[in-house]
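Residue numbers (our numbering): 30 to 381. Glycine included, each C-beta is placed from N, C-alpha and C at the ideal position. The structure presented is a predicted model; accordingly, all values stated were derived computationally and were not measured. Written below as structure tokens is the structure these notes are about.
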Ligand code: MRU
């Protein structure tokens, strides 16, 4: 059996002219890699969650635009084509800010080289995409260390959706302290919410924690209160797609309900993510755009037969916003922020 950390979420293969991703929609049954060669293929892979998780989407988009731009040989066309691909990829999913910050970073790197030849521009894009991936992996390691400092051996932990190795370049955000604790013999027991409608918890979190040898128990989303009430959960760890300047946090739909339950039962609720997920241009959660997805994801996707009547009205938001008041701490690669979050965030964002 391969090691979970041998799985590569996204990488660039410049010889093939492709971004290579593991197709997360095929997990846990099959480990299938896809070589995405065109902006359309990359857009579709992000939209269909073949590559998903806020940091991983950013990395895939950075590699994606770099790979696509290697095929442009006229310097006059370069900046125009870059802008076209950037805007197109940015339209694939609206909520995770990492998609936009990664593409912006690629543009800033390019703009610093105005007047340079086309080979220099291509090299700069390759290097910047690699730097984004490298920094993401390093940030996850630090998030794991800070997160673990808040936990004790033998704790029961609960997580929602998938903020693990598959959602980033290496290790994860919410799952990073769990992996680090596993290496150090902390003996955590983890509850993974299945995470309807697309089952990232059941398909991905349960898969990766089990593969890593962590004691993981899968529960349906409506069982969270029950396991908390029985005293089996001492901390909740979740990832984030966009954190507003006041700490309001968008993450997978259902996260805010888990936070309300955690508050009721007096369980600490921790949000873990890189500082690149903090959006200081978004004052509060109200300004975060929440993606709404295909109703078929609720009525039939992932099942062998339809699970709801034809023509039923469906509401299918992919994310929700957890109010800052429900969050015990936000853990990043730069440290741990406690409420009120804004000042700490400002300091982090100012010092690069
Ligand atoms: O729709 P998804 O699967 O991309 O949603 C992912 C999440 O909500 C994760 O918790 C979040 O992106 C953090 S990943 C480190």
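Shown here, residue 280 sits in a strand according to DSSP, grouped into three states. Remark: C-beta atoms of residue 278 and residue 361 do not approach each other more closely than 8 Å. The distance from the Cβ of residue 269 to that of residue 83 is about 7 Å, consistent with a contact at the 8 Å cut-off. The shortest CA-to-CA distance from residue 223 to any of 216, 217, 236 is the one to 236.
Inter-segment contact for the segment 230 to 247 and the segment 335 to 352 is absent: fewer than three beta-carbon pairs are separated by less than 8 Å. Within the same chain, no Cβ atom closer than 6 Å to the Cβ of residue 167 is found once the five residues on either side in sequence are excluded. Set against 7 Å, the gap from the CB of residue 81 to the closest heavy atom of the ligand MRU is smaller. Apart from the 5 residues on each side of it in sequence, residue 134 sits with its Cβ closer than 8 Å to the Cβ of 91, 157, 161 in its chain, given in chain order. Cβ-Cβ separation between residue 51 and residue 121: approximately 18 Å, too far for a contact (criterion under 8 Å). Excluding the 5 residues flanking it on each side, residue 209 has same chain C-beta neighbours closer than 6 Å at 173, 177, in chain order. The beta carbons of residue 281 and residue 217 sit no closer together than 8 Å. Distances from the CA of residue 225 to each of 85, 262, 286, 65 were compared; the closest alpha carbon is that of 286.
Secondary structure of residue 149 (DSSP, three-state): helix. Comparing C-alpha distances from residue 43 to each of 86, 93, 87, 69 shows the shortest one belongs to 93.
Residue 276 and residue 184 have their C-alpha atoms spaced approximately 26 Å apart. DSSP places residue 359 in the strand class (E or B) of the three-state scheme.
Put simply, the backbone Cα of residue 260 is about 10 Å away from that of residue 254. With a threshold of 7 Å, the Cβ atom of residue 84 counts as near the ligand MRU, since some heavy atom of the ligand is closer than that. Take residue 345, set aside five residues on each side of it, and the residues of its chain with a beta-carbon closer than 8 Å to its own are 226, 321, 322, 323, 324, 326, 327, in chain order.
Where residue 58 is concerned, there is no enclosing alpha helix (DSSP H), because DSSP gives it neither an H nor an E. Selection 312, 252, 306 evaluated against residue 291 yields 252 as nearest (Cα-Cα). Rounded to the nearest whole angstrom, the C-alpha separation of residue 138 and residue 164 is 15 Å.
For the ligand MRU, a non-hydrogen atom lies closer than 7 Å to the CB of residue 229.
Comparing C-alpha distances from residue 232 to each of 242, 247, 219 shows the shortest one belongs to 247. Here residue 304 is buried. Its C-beta has 16 or more other C-beta atoms within 10 Å. Beta-bridge pairing by DSSP links residue 119 to no other residue. By alpha-carbon distance to residue 267, the top candidate from 241, 155, 301, 313 is 301.
Within the same chain, 107, 110 come within 6 Å of residue 101 by CB-CB distance, once the 5 residues on both sides are set aside.
Collapsing the DSSP output to three states places residue 241 in coil.
The closest heavy atom of the ligand MRU lies less than 7 Å from the beta carbon of residue 270. The beta carbon of residue 355 lies closer than 8 Å to those of 285, 288, 289, 291, 292, 298 in the same chain, with the five residues before and after it left out.
For residue 51, the enclosing beta strand (DSSP E) has its first and last residue at 47 to 51.
As DSSP reads the structure, residue 220 sits in a beta bridge with 187, 246.
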